[in-house]
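So the structure is just underneath, and the comments pick up after that.
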Amino acid sequence: MALRLGDTAPDFQASTTEGPISFHSWIGDHWAVLFSHPRDYTPVCTTELGTVARLKPEFDRRGVKVIGLSVDPVKDHEGWSRDIEETQGVRLNFPLIADPDRTVSRLYDMIHPQADDTFTVRSVFVIDPAKKVRLTLTYPASTGRNFSELLRVLDSLQLTAHHQVATPADWQRGQDVIIVPAVTAEQARGKYPQGWREVKPYLRYVPDPGA
Ligand code: BEZ
944 MALRLGDTAP DFQASTTEGP ISFHSWIGDH WAVLFSHPRD YTPVCTTELG
994 TVARLKPEFD RRGVKVIGLS VDPVKDHEGW SRDIEETQGV RLNFPLIADP
1044 DRTVSRLYDM IHPQADDTFT VRSVFVIDPA KKVRLTLTYP ASTGRNFSEL
1094 LRVLDSLQLT AHHQVATPAD WQRGQDVIIV PAVTAEQARG KYPQGWREVK
1144 PYLRYVPDPG A
């Protein structure tokens, strides 16, 4: 059964490149990103892991823990890590789950048999501190993901968790946001005494309250 937004992210125990983890305890009070790779020693995955390692300070700044998964064993992950450091110029600085028996891959529906019946697709799950799934993405093996977009979505998720706003297309932190339709004009006047920019009664912009 596919995981849906708002579902509790399944807990699991697993071996990783940083030792055994219990997933919910590992997340703790943070946000988390769990992302899968088809397998070790593959070119697109190598570039993806290098990119995430390079962006790690950006995830840290947002209080987000990142963890990768590939179905190969830890020993392979360790050998592959050396290649990643050599070719991408950055050391793996987050754990990589080893899932040789596909326990986690099945739990998170990361194997899509019509695409590949053995290896995982490129799944992404954003999980909040309450362990709820807040974003899912599924990419095919042939397409590397855009991790800057993931940071952008995290900014939106973290902002909208604390304010009754939504973020428009291509929004970046610091740009105007939208007052959600559920907020009446009377409520909006209380929240935004300085007013808002009204394009339509249902399209009302205010400055980013998190900026
Ligand atoms: C890759 O990571 O390059 C890859 C993995 C599986 C299939 C195709 C590409």
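Remember, my numbering sits 943 above the position in the sequence shown when you count from 1.
Yeah, the Cβ is synthetic: ideal placement off N, Cα and C, and Gly gets one too.
For residue j and residue i, the rounded distance between their alpha carbons
{"i": "T1110", "j": "D1119", "result": "8 Å"}
{"i": "A1073", "j": "D1098", "result": "17 Å"}
{"i": "V1052", "j": "H1020", "result": "The question names Val, yet the displayed sequence has Asp at residue 1052. Rounded to whole angstroms, D1052 to H1020 spans 22 Å at the Cα level."}
{"i": "P1136", "j": "V1149", "result": "11 Å"}
{"i": "M944", "j": "R1049", "result": "9 Å"}
{"i": "A1131", "j": "H1105", "result": "15 Å"}
{"i": "F1062", "j": "R1147", "result": "45 Å"}
{"i": "I1054", "j": "L1012", "result": "12 Å"}
{"i": "F966", "j": "F955", "result": "5 Å"}
{"i": "T985", "j": "Q1115", "result": "32 Å"}
{"i": "R997", "j": "V1033", "result": "7 Å"}
{"i": "V1064", "j": "F1002", "result": "23 Å"}
{"i": "F978", "j": "D1060", "result": "18 Å"}
{"i": "Y1145", "j": "R982", "result": "46 Å"}
{"i": "E1029", "j": "E961", "result": "20 Å"}
{"i": "T1103", "j": "K999", "result": "23 Å"}
Under 8 Å between C-beta atoms of residue i and residue j
{"i": "H980", "j": "G1006", "result": "no"}
{"i": "K1075", "j": "T951", "result": "yes"}
{"i": "D1026", "j": "T989", "result": "yes"}
{"i": "L948", "j": "T1081", "result": "no"}
{"i": "V1123", "j": "Q1101", "result": "no"}
{"i": "V1009", "j": "V976", "result": "yes"}
{"i": "F1037", "j": "V995", "result": "yes"}
Backbone secondary structure at residue i - three-state DSSP
{"i": "G962", "result": "coil"}
{"i": "S1024", "result": "helix"}
{"i": "F1002", "result": "helix"}
{"i": "W969", "result": "helix"}
{"i": "Q1137", "result": "coil"}
{"i": "T990", "result": "helix"}
{"i": "F1068", "result": "strand"}
{"i": "L1097", "result": "helix"}
{"i": "F978", "result": "strand"}
{"i": "S1048", "result": "helix"}
beta-carbon residue i near ligand 2 non-hydrogen atom, thresh 7 Å
{"i": "H1105", "result": "As presented, the structure is devoid of ligand 2, carrying ligand 1 as its sole ligands."}
is_contact[residue i, chain C] using C-beta, thresh 8 Å
{"i": "L1146", "result": "Judged by its chain identifiers, the structure shown contains no chain C, having just a single protein chain."}
Output the residues surrounding ligand 1, defined as those with a CB atom closer than 5 Å to any ligand heavy atom, in chain order. P981, T985, P986, V987, C988, A1084
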